[in-house]
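**Q** Mapping of the sequence shown onto my numbering: residues 1 to 211, in sequence order.
From the three backbone atoms N, C-alpha and C, an ideal C-beta is built for every residue, glycine too.
The structure displayed is predicted, hence computed values, not measured ones.
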Amino acid sequence: AALRQAIKPIWTDGVSVTGELLAFALLVVALHTGRNNTPLLEMGRNCLRPHPKDDTVFLVLWKRRGYNTSKVALRAESDVERHLESTPSVRTSVERLIRRVMVLTEPLDTEAPADLKGRVWLYRSRGGKDAGEITALSAERLNYAANSLVDEHSLTDSDGRPLRINVSRLRKTFANRIFELTDGDLATTAAALGNTLKVADQNYLAPGEDA
Numbered sequence: 001a002a003l004r005q006a007i008k009p010i011w012t013d014g015v016s017v018t019g020e021l022l023a024f025a026l027l028v029v030a031l032h033t034g035r036n037n038t039p040l041l042e043m044g045r046n047c048l049r050p051h052p053k054d055d056t057v058f059l060v061l062w063k064r065r066g067y068n069t070s071k072v073a074l075r076a077e078s079d080v081e082r083h084l085e086s087t088p089s090v091r092t093s094v095e096r097l098i099r100r101v102m103v104l105t106e107p108l109d110t111e112a113p114a115d116l117k118g119r120v121w122l123y124r125s126r127g128g129k130d131a132g133e134i135t136a137l138s139a140e141r142l143n144y145a146a147n148s149l150v151d152e153h154s155l156t157d158s159d160g161r162p163l164r165i166n167v168s169r170l171r172k173t174f175a176n177r178i179f180e181l182t183d184g185d186l187a188t189t190a191a192a193l194g195n196t197l198k199v200a201d202q203n204y205l206a207p208g209e210d211a
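1. Less than 7 angstroms between C-beta atoms, sequence neighbours within five positions excluded: which residues of the same chain meet that for A2?
2. Is the beta carbon of A139 sitting closer than 9 angstroms to the one on T38?
3. Out of I165, D159, P107 and S158, which has the shortest C-alpha to C-alpha gap to D151?
4. Residues in the same chain with beta-carbon distance under 6 angstroms from E133, minus the five sequence neighbours each way, listed in chain order, please.
5. Helix, strand or coil for I10 per DSSP?
6. Among V101, C47 and N46, whose alpha-carbon lies nearest the alpha-carbon of I7?
7. Kindly indicate which three-state DSSP category T110 falls into: helix, strand or coil?
8. Quick one: residues in its chain with C-beta nearer than 8 angstroms to the C-beta of R161, no 5 flanking neighbours on either side, listed in chain order?
9. Within the continuous beta strand (DSSP E) that includes R124, where are the two ends?
10. For R4, which residues of its own chain have a beta-carbon under 7 angstroms away from its beta-carbon, when the five flanking residues on both sides are left out?
11. What distance in whole Å lies between the Cβ atoms of L22 and L137, which are believed to be in contact at a cut-off of 8 angstroms?
12. Decide if T246 is buried, meaning its Cβ has at least 16 other Cβ atoms within 10 Å, or exposed.
13. Taking the CB atoms as reference points, tell me whether L26 and L142 lie closer together than 9 angstroms.
14. What's the C-alpha gap between N36 and P50?
15. Using 9 angstroms as the threshold, is the C-beta distance between V94 and V28 below it?
16. With which residues is H165 paired in a DSSP beta bridge?
17. Which one of D55, W62, L48 and H32 has the shortest CA to CA distance from L41?
18. Can you give the Cα-Cα distance for G19 and R169, rounded to whole angstroms?
19. So, with DSSP's three-state summary, where would you put A2?
20. Are G34 and R119 touching if we call contact CB-CB under 9 angstroms?
21. Could you pull the DSSP bridge partners for I98 from this structure?
22. Determine the direct distance from the alpha carbon of H32 to that of V167, and round the result to whole angstroms.
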């Protein structure tokens, strides 16, 4: 709920694109796709590709470590979402959020340094020696925004300690949710994560109470 509240301004006309706002949007994408930190941060402007199903698109990310791409199927926005897009409580699709970010950051792409051209998560730096220059969201800026979100909303875990929010933990949450929804189907869970069975089993699936 705190994350949905944090990205509400992104739908406002004339919104100022900040690193913090982009970080919150990226965390939403991470939560719903289970992708790794670096491929999400380096997401390109051609990341959304057609899917055979009318209500679905592919999110294609470059996996630098494996020298290949990773595909995630995203459900496209429905007619209902299109008609109710001004209602804050409506859960908008991940595809629509990504497209909104690309619309907002497109004007910055022309000014971006050569090594950042074509990136999605661009914003204009507001402070320090690089003030006014176009930069891209970094892992450090992402973590800072996540910690700020926890502090602002006093988010705590089951032990009452400050909640830890990062892409790695969201990926594990995604994995366990898929595992539960598929009644313990490890192969499907590994496919959803873009991993092998062994990697998914050892690194992402935490045992539940029954186990």
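**A** Working from what's here:
1. L149, H153 and L155
2. yes
3. I165
4. S125
5. helix
6. For the residues V101, C47 and N46, the minimum Cα distance to I7 belongs to V101.
7. coil
8. none
9. It spans L122 to R124 - the beta strand (DSSP E) in which R124 sits, taken as one unbroken run.
10. none
11. Between L22 and L137 the Cβ distance is about 5 angstroms, and since that is below 8 angstroms, they are a contact.
12. Only positions 1 to 211 of the chain appear in this structure, which leaves residue 246 out of reach.
13. yes
14. Between N36 and P50, the C-alpha separation is close to 22 angstroms.
15. yes
16. The residue you asked about is not His; residue 165 is Ile in the sequence shown. Partner(s): none; I165 has no beta bridge.
17. W62
18. Between G19 and R169, the alpha-carbon positions lie close to 21 angstroms from each other.
19. Judged by DSSP in its simplified three-state form, A2 adopts helix.
20. no
21. Paired residues: none, contrary to the question.
22. 11 angstroms
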